[in-house]
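Working notes, beginning with the structure itself.
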Amino acid sequence: MQCLRALRLPNSAQLLVRRTELVKKTFLVQPTCYLSTEPTTASQRRPSAHVDHFNLNMNVHSKPPSSGVENMLFYTITEGKEQVPISYFTSALKRTGLHPSDPRLKDCMEKLQQAVQESVGEVMMDRDLFHRCVGGNIVLLIQAFRKKFIIPEFDEFTQKIDEIYNTVQNQNDGKVADYIPQLAKFSPELWGVSLCTVDGQRHSVGDTKQPFCLQSCVKPLQYAIAIHEAGTEAVHRYVGKEPSGLKFNMLSLDDEDKPHNPMVNAGAIVISSLIKPQSNKAEKFDYVMEFVKKMAGHEYVGFSNATFQSEKETGDRNFSFYFLTVLKCVGIYFFLFSLCSIEVTCRSGSIMAATLANGGICPITGERVLSAEAVRNTLSLMHSCGMYDFSGQMAFHVGLPAKSGVSGAILLVIPNVMGVMCWSPPLDRVGNSVRGIHFCQELVSLFNFHNYDNLRHFVKKQDPRRQDGGDWNNSVSNLMFAAYTGDVSALRRIAMSSMDMDLKDYDSRTALHIAAAEGENVLHLFHRQIINQFHVEYSSNPGAPLSHNLQLGVINTM
């Protein structure tokens, strides 16, 4: 049997407690293990009894410890409603950037699907169904709905991305590559953009499900694999780090008789030979494919045999081919052809880019795919050498690591923020996607993603990584107004956001003061928040005294 005892308070506070029946019910009748501020021996402690934040009928045995947080999250998502259609929940997820196909949400989505299959008609999500489905994803969902991801206002951000996409779509310059016959078959009207942040927020617009070959976009990936496997020193014994200033397929070596960098064909061929050097071509290919699939979070990664055969038949047009024929290295060159024929979509390609942006950890699986050393080296060379003869212009105007391919793909990395995959087949004179280049330029002109946009005294651009100050001020007003009007649903939503519930107005009043002055309904919510904080403090350090803020909160609520 659990012992019940009164919360220890100063004498003046105890007098106030005795005068306030509501506070007595909320604070004075609680399990000892929660409310005592004195050390408790292991034999005296009892299993935690949860206090429901929203159910005013307080039954200390009725709920598991996590249900209060889940309830708050549920009402935040449903905006105070007791039940909503499942489609409402999935739409709310998408607005935060979480995609239903996210591997982290697999268990949740499977349970929702099971509920749909077992029901007749439209399935409504209530608290019970919500608790069953989100139990294993509560931390992820709290981060999402408290706007703790790298792009807090993701819905607004993606609207601007769509605007850039539509602007760029009107660009009709360029020509589809025809020196590889299979590439010439793609329509010049195709245009897609996908992005994935380091927190796994995803957005796609346009032709993002259409598979296309990586072509030269595979070069930084195989280089990263080689560094991950052998280390920087071993790899750069055979290949340089400098831009060549020549066509990507020109036969040229530096002063040390090494290819200039891994992003030109000669350098990429050398890198191909360094990956699993003792293995045959089939084993090497499977090894690289497995890495690419992990980088893409096991989203779509395929292989275009038609493109591979097409490249083999026209490979003698590449200047480097003559050199390789003399050296009898044609086999490794055809292996590079096979890697260039790996297929992705904009969606899977953006996750690969996000893995690089996230330091080698895939954002949607959490798996470490590449070492930090490999990612740093790869991004450095993408920044200086990744865009053919446009690399200097790209570094100057866009200021971000990127790699292009003659299929019309551009792999763009915004370190510690997101990865982007643009794809449109028409190319400019140096072999880069016309629409892709235009999109990157427009993106950086609107947002401060350029490496040097954050210098002091520089012209300020929009930073989607920060919440807008005006919106923050509005939120403070909303907090005070909700407390004044007794809007408990609004207060629940605010409590789940990053809002500090102790913010003061011009007269040094908090929402708690206003709620205490206006009525008891809202006061219940604040009482229960203090109880929850009580539980957190006591669980983390049972012998410690109450924090100063919590003591003030207890007294203020009386």
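The sequence shown begins at 1 in the UniProt record's numbering and counts up one residue at a time.
A virtual CB, placed ideally from N, CA and C, is assigned to each residue, including glycine.
Requested in this report: With a threshold of 16 other CB atoms inside 10 Å of the CB of residue 304, please say whether the residue is buried or exposed.
Outcome: buried
Report task. Quick one: grab the DSSP three-state call for residue 158. Result -> helix
Query - Cβ contact (3+ pairs, closer than 8 Å) linking the segment 166-178 and the segment 270-282 - result: no
Query raised in the report: Would you call the segment 228-236 and the segment 195-208 in contact, with 3 or more CB pairs under 8 Å?
Result: no
Requested in this report: Kindly provide the ranges of any beta strand (DSSP E) runs that are 3 or more residues long and lie completely inside the segment 181-243, ordered along the chain.
Outcome: 192-197, 202-206
**Report entry** Inter-residue spacing [alpha-carbon to alpha-carbon] between residue 317 and residue 198
**Finding:** Residue confidence is low: residue 317 scores 46 on pLDDT, short of 50, so the model does not pin down where it sits. Its coordinate-derived value is still stated next. Spanning the two alpha carbons is a distance of roughly 40 Å.
Query raised in the report: Can you check whether the CB of residue 414 is closer than 8 Å to the CB of residue 390?
Result: no
Query raised in the report: CA-CA distance, residue 285 and residue 120?
Result: 48 Å
Requested in this report: Within 10 angstroms of the Cβ of residue 392, are there 16 or more other Cβ atoms? Answer buried if so, exposed if not.
Outcome: exposed
Query raised in the report: Which residues bound the beta strand (DSSP E) around residue 382?
Result: Premise fails: residue 382 lies in the alpha helix (DSSP H), 372-385, not in any beta strand (DSSP E).
Query raised in the report: residue 92 to residue 494, Cα distance in whole Å?
Result: 16 Å
**Report entry** Inter-residue Cα distance where the pair is residue 292 and residue 302
**Finding:** 10 Å
Report task. Just list the alpha helix (DSSP H) runs in the segment 87-173, keeping only unbroken ones of 4 residues or longer that don't cross its boundaries, in chain order. Result -> 106-117, 127-134, 138-145, 154-169
Report task. Indicate whether residue 345 and residue 211 have their beta-carbon atoms separated by less than 8 Å. Result -> yes
Query raised in the report: Given residue 340, which residues of its chain have a CB within under 6 Å of its CB, disregarding the five upstream and five downstream residues?
Result: 215, 218
Query raised in the report: Would you say the segment 143-159 touches the segment 84-102, given that touching needs at least three Cβ pairs under 8 Å?
Result: yes
Requested in this report: Could you spell out the range, first to last residue, of the alpha helix (DSSP H) harbouring residue 352?
Outcome: 346-357
**Report entry** Per-residue burial, residue 71 [other beta carbons within 10 Å of its own, 16 or more giving buried]
**Finding:** buried
Query raised in the report: Hey, quick one: how far does the alpha helix (DSSP H) through residue 396 stretch, first residue to last?
Result: 391-397
Report task. Could you give the DSSP three-state label for residue 486: helix, strand or coil? Result -> coil
Requested in this report: Compare the C-alpha of residue 561 against each of 432, 465, 436, 438 and name the closest.
Outcome: With the chain covering only 1 through 558, there is no way to say anything about residue 561.
Query raised in the report: What does a CB cutoff of less than 8 Å around residue 289 pick up in its chain, not counting 5 residues either side in sequence?
Result: 301, 303, 342
Query raised in the report: Which first and last residues belong to the alpha helix (DSSP H) in which residue 437 is found?
Result: 434-446
Report task. Would you list the residues sitting across from residue 419 in a DSSP beta bridge? Result -> 196, 413
Report task. Using alpha carbons as the reference points, say which of 478, 490, 179 lies closest to residue 313. Result -> 179
**Report entry** Sequence-distant residues of its chain with Cβ nearer than 8 Å to residue 184 (five each side left out)
**Finding:** 176, 177, 178
**Report entry** Selected residue, minimal CA-CA separation from residue 446, among 158, 139, 99, 133
**Finding:** 158
Requested in this report: Output the distance between the C-alpha atoms of residue 501 and residue 370, rounded to the nearest integer angstrom.
Outcome: 41 Å
Requested in this report: Can you tell me the Cβ-Cβ gap for residue 136 and residue 102, rounded? I've got them flagged as a contact below 8 Å.
Outcome: So it is not a contact: roughly 13 Å between Cβ atoms.
**Report entry** From 409, 124, 112, 298, residue whose alpha carbon lies closest to that of residue 362
**Finding:** 298
Query - Anticipated Cβ contact below 8 Å, residue 412 with residue 353, distance rounded - result: 6 Å
Query - Length of the line joining the Cα atoms of residue 511 and residue 490 - result: 12 Å
Requested in this report: Name the two residues that bound the continuous beta strand (DSSP E) containing residue 284.
Outcome: It is not in any beta strand (DSSP E) - residue 284 instead sits in the alpha helix (DSSP H) that spans 281-295.
Query - Chain-order list of residues whose beta-carbon lies under 7 Å from that of residue 356 (same chain, five-residue window excluded) - result: 375, 378, 379, 413, 419
Requested in this report: Let me know if residue 504 comes out buried or exposed under the rule of 16 or more other beta-carbons within 10 Å of its beta-carbon.
Outcome: exposed
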